[in-house]
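Student: Read in order, the letters of the sequence shown are residues 1 to 257 in our numbering. Sending over a structure as structure tokens; questions will come in a sec.
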Amino acid sequence: MIETQVSRGIISTYFEKLERNLELDVAIVGGGPSGIVAAYYLAKAGLKVAQFDRKLSPGGGMWGGAMMFNQIVIQEEALDIVKDFDINFTPYENGLYCMDSVESTSALLYKAVHEGATIFNCYSVEDVIFKNSVVSGVVVNWTPVLREGMHVDPLNILAKCVIDGTGHDSEIAAKVVRKNGIRIATETGGVIGERSLDVVAGEDEVVRGTKEIYPGLYVCGMAASAVSGTPRMGPIFGGMLMSGKKVADEIIRKLKG
Ligand code: 48F
């Protein structure tokens with residue numbers, strides 16, 4: 001019966017997909033713009049990559065532009081990435097370009113998945129796998145389970161590299177430091193916390209702060225900013241895109257030589 005076939009089709013292909021992703025090259029926590037850009041370039045390089053976002057609709061803070069005016073701005077340096085994703089752009093002034101935030105976010109998501117990355121939505125990463133002082137994967141649970149406070153154990157997914165792309169809260173870096181008493185590659189050895197807004201410094205420093213902060217653990221996007229204590233930059237997104245590309249390039253170099 002068609003009713004049963006519909007259900008069986010969903011269940012069998014979903015669990016095949018989940019099983020295919022139990023051992024990854026790269027696990028990306030958070031489906032914001034920086035993480036999605038990373039997923040695209042990693043998948044394009046032939047690496048097995050999955051991205052986990054706690055929300056029903058991944059895309060993070062890019063959908064809403066600024067104050068729900070659904071346009072975003074990027075600078076010249078990020079234009080090649082925008083072109084890789086086939087996003088329409090309008091030259092504005094002073095080397096700046098404007099783009100529709102809905103087109104931009106959906107293009108990032110579409111191209112990443114189409115290139116071979118798997119996105120698991122409604123998944124919260126609640127911890128990492130920490131083996132022999134190396135971050136070696138993620139511990140995942142359904143977001144509704146955590147929201148309801150239900151006592152249900154999570155599942156484990158191994159990964160050679162984990163990227164914290166959780167945005168302003170840098171949840172994964174903060175948790176790894178707190179739970180394991182380790183020092184990460186920042187001035188203080190801990191998560192410093194994001195500073196107030198400065199567009200020029202913020203854009204520049206978020207890319208510089210994008211790196212491996214502990215064996216197996218990388219940061220990108222606003223999580224990199226929060227970890228290194230650099231300024232926020234508001235609705236200019238070039239730094240997010242360049243941060244995603246940089247973390248992908250570093251991991252590709254490490255895993256593929
Ligand atoms: O914050 P977010 O959009 O990440 P980003 O790539 O981009 C930041 C910009 O959107 C903007 C900005 C740029 O100028 O300041 O804010 O740094 O998206 C982070 C995503 O991570 C998910 C969350 O739902 C969001 O979609 N997320 C956060 N913590 C977890 C998580 C977690 N523990 N498990 C799964 N997903």
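For each residue, glycine too, the CB sits at the ideal point set by N, CA and C. This structure is a prediction, so every number in the text was calculated from the model and none was measured.
Flag this pair as touching only if the region 166-185 and the region 213-227 have three or more C-beta atom pairs under 8 Å; answer yes or no.
Tutor: yes
Student: Report all residues from its chain with a CB closer than 8 Å to the CB of Gly95; omit the five preceding and five following residues, and keep chain order.
Tutor: Gln75, Glu76
Student: Is the distance from the Cβ of Pro33 to the Cβ of Gly60 below 9 Å?
Tutor: yes
Student: What are the start and end residues of each continuous beta strand (DSSP E) run of 3 or more residues lying completely inside the region 148-232, in chain order?
Tutor: Inside the region 148-232, DSSP marks whole beta strand (DSSP E) runs of 3 or more residues at positions 155-164, 211-214, 217-219, from first to last along the chain.
Student: When you measure from the CB of Ser259 to every non-hydrogen atom of ligand 1, does any distance come out below 8 Å?
Tutor: Nothing about residue 259 can be reported from this structure: the residues present for the chain run from 1 to 257 only.
Student: Pairs of beta-carbons, one from the region 176-193 and one from the region 42-49, closer than 8 Å: are there three or more?
Tutor: They do not touch, by the three-pair rule.
Student: If you pair each beta-carbon of the region 151-166 with each one of the region 19-32, do three or more pairs fall below 8 Å?
Tutor: yes
Student: Give the secondary structure of Met68 by DSSP, where H, G and I count as helix, E and B as strand, and everything else as coil.
Tutor: Residue state for Met68 is assigned as coil, using DSSP reduced to three classes.
Student: Can you tell me whether Glu16 is buried or exposed, with buried defined as 16 or more other CB within 10 angstroms of its CB?
Tutor: exposed
Student: Assign Leu22 to one of three DSSP states: helix, strand, or coil.
Tutor: The DSSP-derived three-state label of Leu22 is coil.
Student: At a cut of 8 Å, does the region 124-142 reach the region 52-70 through at least three beta carbon pairs?
Tutor: Verdict: yes, contact present.
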